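Worksheet: one structure, shown below.
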Amino acid sequence: TFKIDKKSKFNSLAYHNGWRFSTRDNDNDESGSSCAQAHTGAWWYKNCAWSNLNGRYFKTATSTAKGNTWFHWINSYATLKFAEMKTRRNN
7 TFKIDKKSKF
17 NSLAYHNGWR
27 FSTRDNDNDE
37 SGSSCAQAHT
47 GAWWYKNCAW
57 SNLNGRYFKT
67 ATSTAKGNTW
77 FHWINSYATL
87 KFAEMKTRRN
97 N
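The numbering used here puts the sequence shown at residues 7 to 97.
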């Protein structure tokens with residue numbers, strides 16, 4: 007289960023707070039269809055996504071929710087050239 011505490015206007019993860027990780031063969035989102043299949047990547051989907059760093063990589067800039075995206079960064083589903091996510095234990 008995904009949990010985030012920090013809030014930011016650029017925080018495209020907050021929407022997914024508290025949701026279990028979904029894959030194309032293990033659908034845990036509240037959408038009527040599989041967000042992991044629709045967005046071509048596993049993620050902590052709620053009702054699909056404001057972010058998806060596991061989406062498809064495109065060699066050129068593409069505006070699609072099927073790519074690796076972070077919507078609130080530029081208010082667009084423009085795909086990212088590079089994404090890195092780091093986690094740490096919450097003590």
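All residues carry an ideal CB built from backbone N, CA and C; glycine is no exception. Note that the coordinates shown come from a computational prediction; the quantities given were computed from them, not determined experimentally.
query: Contact check, leucine 59 vs alanine 89 under 8 Å by CB: the rounded distance?; result: 4 Å
query: Taking the straight line between their C-alpha atoms, what separation do you get for glycine 24 and lysine 72?; result: 22 Å
query: Secondary structure at alanine 20, three-state DSSP: helix, strand or coil?; result: helix
query: Check whether the Cβ atoms of tryptophan 50 and serine 28 sit closer than 9 Å, and answer yes or no.; result: yes
query: Determine which residues share a DSSP beta bridge with tryptophan 76 and list them.; result: Ser57
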